[in-house]
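In the numbering used here, the protein residues as written are 4 to 116.
See below for the structure under consideration.
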């Protein structure tokens, strides 16, 4: 029986082959079985709507009217948001908007100033 390498993300020994990929059942990480060591990076590059790289502390503007779920409030086009924080998930920008409060935004609806 061949021994498969442990998961590079969580070091689980229970990896299995799925076609040409290796899969970890504990963290669902997939990587190439071709033997090329890939560096697992949790720091994915976040980009705004025009391709500018975003970083923590940047100032952005909203490029589309955004309805705030559960309220009648709307974040208007051109609203400037200072000191953003990047996070993981679908809504990858965590910020505080004046007059509305803390909220999460998608990077596809903002532009870096």
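Built from N, CA and C at the ideal position, the CB exists for glycine as well.
Query: Classification of residue 61 by the beta-carbon crowding that lies within 10 angstroms, buried from 16 upward; Result: buried
Query: Straight-line Cα distance separating residue 72 from residue 51; Result: 22 Å
Query: contact_flag[the region 63-83, the region 97-116] where n(CB pairs < 8 Å) is 3 or more; Result: yes
Query: Contact set for residue 110: own chain, Cβ-Cβ below 8 Å, skip 5 residues either direction; Result: 49, 50, 51, 52, 57, 95 and 96
Query: Assumed close pair residue 28, residue 19 - CB separation to whole angstroms, cut-off 8 Å; Result: 7 Å
Query: Chain-order list of residues whose beta-carbon lies under 8 Å from that of residue 117 (same chain, five-residue window excluded); Result: Nothing about residue 117 can be read from this structure; the chain reaches only from 4 to 116.
Query: Alpha-carbon spacing of residue 107 relative to residue 59, whole angstroms; Result: 14 Å
Query: Straight-line gap, residue 54 to residue 89 (C-alpha atoms, nearest Å); Result: 15 Å
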